[in-house]
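Trainee:
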Amino acid sequence: MSHKYRPIDLAAVKTYSIKTRDNKVNVQDHFAAAPRAGLSLAEFFAGLPRLLGADNLRGVVDAVVAARRNGRPVVLALGGHVIKCGLQPVLKKLIEAEVITAVVMNGSAAIHDFEVSLVGATSEDVGAVLHSGDFGFSEETGGGMNSALQEGLAANLGYGEAIGRRILEQRHPFADFSLLAACVEKGIPATVHVALGTDIIHQHPSADGAVAGEMTFRDFRLLTAIVADLSGGVWLNVGSAVLLPEVFLKALSIAQNLGHHVDGFTTANFDMIQHYRPLTNVVKRPTSGHGRGYTLTGHHEINIPLLAAAVLDQLQDRG
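So the number in our numbering is just where the residue sits in the sequence shown, counting from 1, plus 161.
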């Protein structure tokens, strides 16, 4: 060899007994229980490993249950993909059971919710119709929602309530699958937060930027009042990577500026991958005082029904 280095001699390396070592995982405290046929939900949930994502899910369930038992809010903020996963029956059950006390949507979630209520289907094939100039030009969607916003403006409603009321008043055939309608029926806030130019109803001839802007701004002010009351509660961000985390952060900032001193709440971000804004502006920054933030990575169509079932089960079990 031309260089000065020689392979090191390992003979003098010191070792120790594994029995004296501190370990992060042990069979008594962390391992899963063996499955068996006929498990109850409570047994299945209790048998999950007490590690990582399973323990995060357990923590979110406990926070939601504690918040509702103490009369504190649980706010569900969701993106459009959550609606396209067919989760409305699951989330509606949480609304009806008074687990969810407010629903927050981006524009795409509201559109999918409206379309499902109207025809029992949603989510067009964008690639198949984009180049023909047909993407996003459904008359019933654009015309119906923009008309509802116009009427809601005059009636002093916000964006979410205006759409929910339109679904109920026109007796959409699949209104039972609408979260916005469920919120109106239950009398809980439903807010919708849009960025102009991002939603297909902004392409419609009936679109009015001033109306959409005023309606979503009304909802932002309503959301800020909800966030101002979040101490001891839970904020669930499900499937919104940009818009709703930013809206939440600004609403929290206004609430703190006005002297509400919101603290001691729990946040959780559910998504298929973890993005910068939800991690920073939902999980970390807002809970840096006396709160707690969780991340749960995976498919909504699996994680959200599991969350809902565990929460309902524990609320029933604890009376």
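Virtual Cβ for every residue (Gly too), placed ideally from N, Cα, C.
Just so you know, these numbers come straight off a predicted model, no measurement behind them.
Would you mind stating whether L212 and A469 have Cβ atoms separated by less than 9 Å?
Mentor: No, these two residues do not count as a Cβ contact at 9 Å.
Trainee: Using the Cα positions of V235 and A228, report the straight-line distance between them to the nearest angstrom.
Mentor: Answer to the nearest angstrom: the Cα atoms are 7 Å apart.
Trainee: Which residues mark the beginning and the end of the alpha helix (DSSP H) in which D216 is found?
Mentor: Run containing D216: 213-230, per the alpha helix (DSSP H) assignment.
Trainee: In three-state DSSP terms, what is Y455?
Mentor: Three-state result, Y455: strand.
Trainee: With DSSP as the reference, label N442 as helix, strand or coil.
Mentor: Helix.
Trainee: Which residue marks the beginning of the beta strand (DSSP E) containing M266, and which one marks its end?
Mentor: Per DSSP, M266 belongs to the beta strand (DSSP E) from 263-267.
Trainee: Since V186 and V472 should fall inside the 8 Å C-beta cutoff, what is the C-beta to C-beta distance between them, to a whole number of angstroms?
Mentor: Actually they are not in contact, since the Cβ atoms of V186 and V472 sit about 27 Å apart, beyond 8 Å.
Trainee: What do you reckon, are the CB atoms on L329 and V355 nearer than 9 Å?
Mentor: Not a contact, by the Cβ cut-off of 9 Å.
Trainee: Could you give the distance in angstroms between the alpha-carbon of E300 and the alpha-carbon of T458?
Mentor: Cα-Cα distance, rounded: 36 Å.
Trainee: Let me confirm a value: L357 is counted as buried when at least 16 other C-beta atoms fall within 10 Å, else exposed. Which label applies?
Mentor: Exposed: under 16 other Cβ atoms inside 10 Å.
Trainee: Could you say which of K175, L279, D216 lies nearest to H191 if we only look at CA atoms?
Mentor: The candidate whose alpha carbon is nearest that of H191 is D216.
Trainee: Rounded to a whole number of angstroms, what is the C-alpha to C-alpha distance between I415 and M306?
Mentor: Whole-angstrom Cα-Cα distance: 29 Å.
Trainee: Less than 9 Å separating the beta-carbons of V353 and A271?
Mentor: Cβ distance < 9 Å, so V353 and A271 count as in contact.
Trainee: Taking the alpha carbon of I324 as the point to measure from, which residue in V444, D170, R197, F275 has its own alpha carbon closest?
Mentor: Of the candidates V444, D170, R197, F275, the one whose C-alpha sits nearest the C-alpha of I324 is F275.
Trainee: Helix, strand or coil: which one does DSSP assign to T352?
Mentor: Reduced to three states, the DSSP call for T352 is strand.
Trainee: Rounded to the nearest angstrom, what separates N317 and H461 at their Cα positions?
Mentor: About 34 Å.
Trainee: Select from A402, T385, G313, A343 the residue whose C-alpha is nearest the C-alpha of A373.
Mentor: If we check each option's Cα against that of A373, G313 comes out closest.
Trainee: Please list the terminal residues of the continuous beta strand (DSSP E) segment that includes N481.
Mentor: This structure gives no information on residue 481, because the portion of the chain shown stretches from 162 to 480.
Trainee: In angstroms, rounded to a whole number, what distance separates the CA positions of Y166 and A172?
Mentor: Cα to Cα, the separation comes out at about 18 Å.
Trainee: Among N418, A238, D474, V395, which residue has its Cα nearest to the Cα of G232?
Mentor: Closest option to G232, Cα to Cα, is V395.
Trainee: I need the boundaries of the beta strand (DSSP E) containing L237, first residue and last residue.
Mentor: Taken as a continuous stretch (DSSP letters only), the beta strand (DSSP E) holding L237 covers 235-239.
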